[in-house]
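These notes are about the structure you will find just below.
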């Protein structure tokens, strides 16, 4: 395929999935420097793509301008003005299929992600579970570009490249000798969240060890919890509600490590080249959603024949009276972090 191509890339949500797309597009751009990318996603996710060369971000407004089939046709007309050569549908939902169909009818080549639904079902079912790693989501994204005729080899490595610390956060980085840990203790689905009582034990231990702690990710409820932790434990700062996504990414890029659930915090840290210790409940890294470039050995999880029983963490654990994520001891997490930072 000629190197002077324009690709429209479709992936509208969720936050972690879009961050993973950004990791892939960064490598794609490096390997295909003359190819132009038009990334279509929600406006809130634009900061993920700000540092990718030859990329234009085009926002979708699914609740207003681009609502319904008429709105999607309007989006198609907007995107058609870029005169794309091919369409990479990395979402495969109703909206992306509609957009793709409009382009196909106009004679534009499209390729869609293979989500591996049958393999995911086999991995999460209770009976006759097929417990083995399935294809990584980032490789499924890359496959779409390969099927369009492009060369793309993913390194599966994180590359730390600290950005300028936002002015409002510079006082948090005055001490250059202490290790700085981000903690993203919340998730969209409650079943992926480690017990807040036990997470507080982790924070207390890390604070006592002299680490500086930054808490990310959440809304008003989570902000209140994080603020309480910040008041209670030295060197512990709540960042929720105080910085926009661009600023948060810049702060994350200056951390030494991130502690996260199986959630967008893990994928944001991966995008910024930061190692992650991740905590897993009813989901499992075998499903392909481990943060880009992260190590499975840094995943903390309980071995149980019922795991995993969910791909997205929207179903309760089937491990018995106590959820599998709550069987993880706080000291296990603390020891893993200490080993990672000083090993």
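Numbering (this note's numbering), first residue to last: 70 to 412. For every residue, glycine included, the Cβ atom is placed at its ideal position computed from N, Cα and C.
Between residue 121 and residue 148, the gap from beta carbon to beta carbon reaches 9 Å or more.
Linking residue 133 to residue 200 through their CA atoms gives a straight-line distance of about 43 Å. When the alpha-carbon of residue 245 is set against those of 279, 383, 255, 146, the nearest one is in 279.
Residue 396 has its alpha-carbon roughly 16 Å from the corresponding atom of residue 404. Assigned with DSSP and collapsed to three states, residue 214 falls in helix.
Close CB contacts of residue 234 within its chain, under the 7 Å cut and outside five residues either way in sequence, are with 242, 319, 320, 323 (chain order). Nearest to residue 111 by alpha-carbon distance, out of 343, 83, 96, 303, is 83. By the Cβ-count criterion, residue 104 is buried, with 16 or more other Cβ atoms from all chains shown falling within 10 Å of its own Cβ. Fewer than three pairs of CB atoms, one per stretch, sit closer than 8 Å, so the region 87-102 makes no contact with the region 346-357. Counting only runs of at least 3 residues, the region 212-290 fully encloses the following beta strand (DSSP E) elements, listed from N- to C-terminal order: 249-253, 281-284. Between the region 213-233 and the region 187-197, the count of Cβ pairs shorter than 8 Å is below three; the stretches do not touch.
Secondary structure of residue 197 (DSSP, three-state): coil. DSSP, reduced to helix, strand and coil, places residue 110 within a strand of the structure shown. Around the Cβ of residue 109, a 10 Å sphere holds 16 or more other Cβ atoms; the residue is buried.
For residue 164, same chain residues with a beta-carbon under 7 Å away, outside a window of 5 residues either side, are 81, 131, 141 in chain order. Judged by DSSP secondary structure, residue 135 falls outside any beta strand (DSSP E); it is assigned neither H nor E. When only Cα atoms are considered, residue 143 and residue 87 end up about 23 Å apart. In the displayed model, residue 128 falls within a strand according to three-state DSSP. Between residue 250 and residue 188, the alpha-carbon positions lie close to 35 Å from each other. Annotated three-state conformation of residue 96 is helix, per DSSP.
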